[in-house]
Amino acid sequence: MSEVREVMYQSRSMEINSVQRNPKKGREGHDPITFIAEDSDGIDAKPNDTIVVGVRIAHRDVLRVMIENGSSADILSARVYDELQLDRKDLEPFHVPLKGFGGVEVRSLGTVKLPVRFARAITSTHALKIKFPTEFGVGELKGSQEMARRANLSIFKDKTGMETLSIFEVNEEVQEDNPETFELDPRDKTSREKEELTESIVLNKAEPDKTVKIGARLTERVKRDVTNLLKEYKDIFAWSHEDMPGIERSVISHNLAVNEKCKPVVQKRRSFNPERSVAIKEEVTKLFAVGSIREVKYPEWVANVVLVKKKNSQWRMCVDFTDLNKACPKDSFPLPRIDQLVDATSGHETLSFMDAYSGYNQIKMHKPDEEKTAFTTDQGLCCYTVMPFGLKNAGATYQRLVNKMFARQIGRNMEVYVDDMLTKSVTADKHIDDLRETSDVLVRYGMKLNPEKCVFGVPSGRFVGYQVHQRGIEVNPEKIQALAKMVSPRTLKDVQRLTGCLASLSRFIAKSTDRCLPFFKALKKGKGVEWNEDCERAF
Numbered sequence: 001m002s003e004v005r006e007v008m009y010q011s012r013s014m015e016i017n018s019v020q021r022n023p024k025k026g027r028e029g030h031d032p033i034t035f036i037a038e039d040s041d042g043i044d045a046k047p048n049d050t051i052v053v054g055v056r057i058a059h060r061d062v063l064r065v066m067i068e069n070g071s072s073a074d075i076l077s078a079r080v081y082d083e084l085q086l087d088r089k090d091l092e093p094f095h096v097p098l099k100g101f102g103g104v105e106v107r108s109l110g111t112v113k114l115p116v117r118f119a120r121a122i123t124s125t126h127a128l129k130i131k132f133p134t135e136f137g138v139g140e141l142k143g144s145q146e147m148a149r150r151a152n153l154s155i156f157k158d159k160t161g162m163e164t165l166s167i168f169e170v171n172e173e174v175q176e177d178n179p180e181t182f183e184l185d186p187r188d189k190t191s192r193e194k195e196e197l198t199e200s201i202v203l204n205k206a207e208p209d210k211t212v213k214i215g216a217r218l219t220e221r222v223k224r225d226v227t228n229l230l231k232e233y234k235d236i237f238a239w240s241h242e243d244m245p246g247i248e249r250s251v252i253s254h255n256l257a258v259n260e261k262c263k264p265v266v267q268k269r270r271s272f273n274p275e276r277s278v279a280i281k282e283e284v285t286k287l288f289a290v291g292s293i294r295e296v297k298y299p300e301w302v303a304n305v306v307l308v309k310k311k312n313s314q315w316r317m318c319v320d321f322t323d324l325n326k327a328c329p330k331d332s333f334p335l336p337r338i339d340q341l342v343d344a345t346s347g348h349e350t351l352s353f354m355d356a357y358s359g360y361n362q363i364k365m366h367k368p369d370e371e372k373t374a375f376t377t378d379q380g381l382c383c384y385t386v387m388p389f390g391l392k393n394a395g396a397t398y399q400r401l402v403n404k405m406f407a408r409q410i411g412r413n414m415e416v417y418v419d420d421m422l423t424k425s426v427t428a429d430k431h432i433d434d435l436r437e438t439s440d441v442l443v444r445y446g447m448k449l450n451p452e453k454c455v456f457g458v459p460s461g462r463f464v465g466y467q468v469h470q471r472g473i474e475v476n477p478e479k480i481q482a483l484a485k486m487v488s489p490r491t492l493k494d495v496q497r498l499t500g501c502l503a504s505l506s507r508f509i510a511k512s513t514d515r516c517l518p519f520f521k522a523l524k525k526g527k528g529v530e531w532n533e534d535c536e537r538a539f
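Count the sequence shown with UniProt numbering and you get residues 1 to 539, in order.
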């Protein structure tokens with residue numbers, strides 16, 4: 001159950017379970033809770049050690065609980081569930097299989113919400129301790145390292161005949177620490193689903209080539225309802241730029257807020273070979289046709305075109321807004337925390353993943369700022385009428401838009417990260433209503449979706465770089481592949497690429513900060529990189 005970050009509960013007594021307290025009674029929570037070096041005395045630090053303590057579950061004591069701070073789901077053995085004298089009739093069906101400790105598929109009996117009492121605790125995996133406030137001062141709960149390793153070994157000794165229950169959102173008073181993950185752009189534009197899990201449906205018989213994907217494992221009734229709803233709201237999809245009128249300026253527009261003290265820059269014109277010149281001409285012609293750009297005369301700011309090779313060997317045209325961006329102040333509008341987004345999707349049976357069609361281009365430029373986006377081509381000087389990719393604060397502007405659009409849904413039945421949208425439902429039957437609510441908002445604001453990048457009514461899929469599903473999250477397999485195929489870094493860029501990959505996987509790596517420390521030390525030694533034995537060992 002490596003994907004779920006195992007939390008095994010077994011009702012056996014611990015050998016060490018001590019609580020220290022100050023005999024002087026005072027106000028609870030007044031004393032600060034800290035961990036010092038002495039807290040780790042006697043601890044034999046191993047990367048796989050975890051905290052094993054006793055807690056109260058469903059008003060009964062369970063004396064051996066393995067704590068894992070990074071877990072997105074909790075697992076309780078069926079034997080302990082029965083010993084807690086809980087009724088199996090209270091279990092809600094859970095049809096998604098889990099992976100067992102030996103990679104074997106395990107079917108769970110269901111999900112249930114149970115009260116779990118830890119007090120207001122703060123954990124230290126390094127010291128194998130939990131500290132919590134009491135009316136007598138700071139209480140201390142110390143785990144047994146011997147018992148933790150014994151519990152870990154017992155997991156792998158008994159790989160057969162295991163029944164498990166997945167439990168979500170059970171902690172009443174634990175304050176979890178959700179470390180923020182770092183990526184330049186966590187939005188995952190690769191295929192969201194396995195082909196065998198989806199099927200294509202035609203939205204209009206008169207246009208059989210216009211299809212969208214829905215979950216193949218939906219019941220016939222739910223599948224029919226989802227199909228009918230998508231046919232009813234077929235206008236929320238854009239099949240080309242011509243189908244994309246854009247968001248009204250009265251709702252939002254992108255304002256550059258250029259610092260008037262900054263001197264405008266006209267970049268020296270670059271030359272391109274014939275192949276690239278043809279690609280630029282074709283793209284400019286398309287943008288003119290749909291009204292995304294227009295001609296401009298006497299612009300003060302002029303940038304150059306940049307071509308980037310796409311995976312399909314075609315060219316993507318961008319504009320080098322480096323000088324313009326330097327003159328724009330940073331918009332500090334906050335983007336959602338990635339870890340909170342993915343954790344919020346666990347426990348939902350049915351998901352729909354949506355992607356806006358050329359999302360940035362659906363937002364119009366602030367009229368007075370259009371000419372500042374001017375760029376030079378063989379066809380003359382052009383400027384954008386819509387928000388192009390590459391402008392400073394474009395992501396913040398888009399996030400401000402979707403936060404406004406889906407304000408009543410975010411956190412309840414929807415999660416949004418820039419132009420990546422996810423509608424979530426606890427049950428498949430409820431998903432129809434949730435999808436209709438989302439579709440109504442899209443119609444009201446005129447936002448269009450890309451049908452090729454949307455999939456509706458599936459149990460799992462990729463969202464902001466993670467594989468999300470009802471039981472929690474998994475790492476994106478493609479990121480693991482990229483890391484596995486990586487050779488030992490030798491340059492500054494190689495080490496930065498490695499640390500970037502590790503940052504996106506940090507919640508799946510035990511003691512990732514300690515393990516990656518040699519890489520960060522190598523980056524701090526100046527412009528060059530000294531890849532030493534410590535780095536190679538850590539790699």
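Beta carbons: idealized from backbone N, C-alpha and C, even for Gly.
No experiment lies behind these values; they were computed from the predicted model shown.
Candidates the options: closest to residue i by CA position
{"i": "N259", "options": "D323, C382, K364, V402", "result": "D323"}
{"i": "T345", "options": "D82, E207, D420, K424", "result": "K424"}
{"i": "K231", "options": "F132, G347, A206, W531", "result": "A206"}
{"i": "R217", "options": "S200, E140, I280", "result": "S200"}
{"i": "N204", "options": "N228, V284, K309", "result": "N228"}
{"i": "Q379", "options": "S77, H59, T285", "result": "T285"}
{"i": "S352", "options": "F456, V402, F333, Q470", "result": "F456"}
{"i": "Y308", "options": "L84, C318, E300", "result": "The sequence given here has Val at residue 308, not Tyr. If we check each option's Cα against that of V308, C318 comes out closest."}
{"i": "S431", "options": "A257, D74, R412", "result": "One point to set straight first is that residue 431 is His, not Ser, in the sequence displayed. Of A257, D74, R412, the residue nearest in Cα terms is R412."}
{"i": "F288", "options": "T385, H469, P208", "result": "T385"}
{"i": "E83", "options": "Q362, I480, V62, L256", "result": "V62"}
{"i": "residue 555", "options": "A279, D343, V296", "result": "The requested residue 555 does not occur in the structure, where the chain is confined to residues 1 to 539."}
{"i": "R436", "options": "V226, R79, E140, F272", "result": "V226"}
{"i": "residue 568", "options": "K263, P274, R316", "result": "There is no way to answer for residue 568, as the model of the chain reaches only from 1 to 539."}
{"i": "P219", "options": "K261, T350, L141", "result": "Checking the displayed sequence, the identity of residue 219 turns out to be Thr instead of Pro. Nearest option by C-alpha distance: T350."}
{"i": "M66", "options": "K142, N403, C535", "result": "K142"}
7 Å CB neighbourhood of residue i in its chain, flanking five on each side removed
{"i": "D90", "result": "V112"}
{"i": "V290", "result": "H241, E242"}
{"i": "A394", "result": "H254, Y360, M387"}
{"i": "F272", "result": "I280"}
{"i": "Y445", "result": "I247, V251, M405"}
Proximity below 9 Å, CB of residue i to CB of residue j
{"i": "T427", "j": "I252", "result": "no"}
{"i": "A374", "j": "V265", "result": "no"}
{"i": "L391", "j": "C328", "result": "yes"}
{"i": "P334", "j": "Q399", "result": "yes"}
{"i": "M414", "j": "M447", "result": "no"}
{"i": "C382", "j": "R515", "result": "no"}
{"i": "V468", "j": "I214", "result": "no"}
{"i": "L256", "j": "D440", "result": "no"}
Inter-residue spacing [alpha-carbon to alpha-carbon] between residue i and residue j
{"i": "I236", "j": "G359", "result": "13 Å"}
{"i": "T198", "j": "K234", "result": "18 Å"}
{"i": "V305", "j": "F321", "result": "9 Å"}
{"i": "A538", "j": "L442", "result": "48 Å"}
{"i": "R221", "j": "D429", "result": "9 Å"}
{"i": "F463", "j": "K223", "result": "22 Å"}
{"i": "S250", "j": "S292", "result": "18 Å"}
{"i": "K524", "j": "L492", "result": "10 Å"}
{"i": "P518", "j": "L498", "result": "12 Å"}
{"i": "F401", "j": "D434", "result": "The sequence shown places Leu at residue 401, rather than the Phe named in the question. Taking the straight line joining both Cα atoms gives about 20 Å."}
{"i": "R420", "j": "M486", "result": "First, the amino acid is wrong: residue 420 is Asp here, not Arg. The straight-line gap from Cα to Cα measures roughly 28 Å."}
{"i": "A356", "j": "K210", "result": "16 Å"}
{"i": "residue 542", "j": "I363", "result": "Since the first residue of the chain shown is 1 and the last is 539, residue 542 is not available in this structure."}
{"i": "F132", "j": "Y81", "result": "27 Å"}
{"i": "E371", "j": "M354", "result": "32 Å"}
{"i": "A482", "j": "R88", "result": "43 Å"}
{"i": "T438", "j": "W239", "result": "19 Å"}
{"i": "V202", "j": "P208", "result": "6 Å"}
{"i": "I130", "j": "C262", "result": "54 Å"}
{"i": "V529", "j": "A503", "result": "19 Å"}
Neighbourhood of residue i by C-beta distance below 8 Å, restricted to the same chain and skipping five residues each side
{"i": "E180", "result": "Unreliable positioning characterises E180 in this predicted model, as indicated by a pLDDT of 33, which lies under 50. A coordinate reading is not provided."}
{"i": "A269", "result": "Looking at the sequence shown, residue 269 is not Ala but Arg. Once the five neighbours on either side are set aside, the close Cβ partners of R269 are N304, T376."}
{"i": "W531", "result": "S488, P489, R490, V495, A522"}
{"i": "K367", "result": "R249, S253"}
{"i": "H59", "result": "P115"}
Beta-carbon proximity list for residue i, same chain, < 6 Å, skipping 5 on both sides
{"i": "P451", "result": "V212, F237"}
List in chain order: all unbroken alpha helix (DSSP H) runs of 4+ residues lying wholly within the stretch 231-259. none
Whole runs of the beta strand (DSSP E) within the stretch 319-385, excluding any shorter than 3 residues: 350-355, 375-377, 380-384
Please specify which runs of the alpha helix (DSSP H), each continuous and at least 4 residues long, are wholly inside the stretch 419-455, giving them in chain order. 428-445
What are the complete alpha helix (DSSP H) segments, minimum 4 residues, inside the stretch 260-320? 274-290
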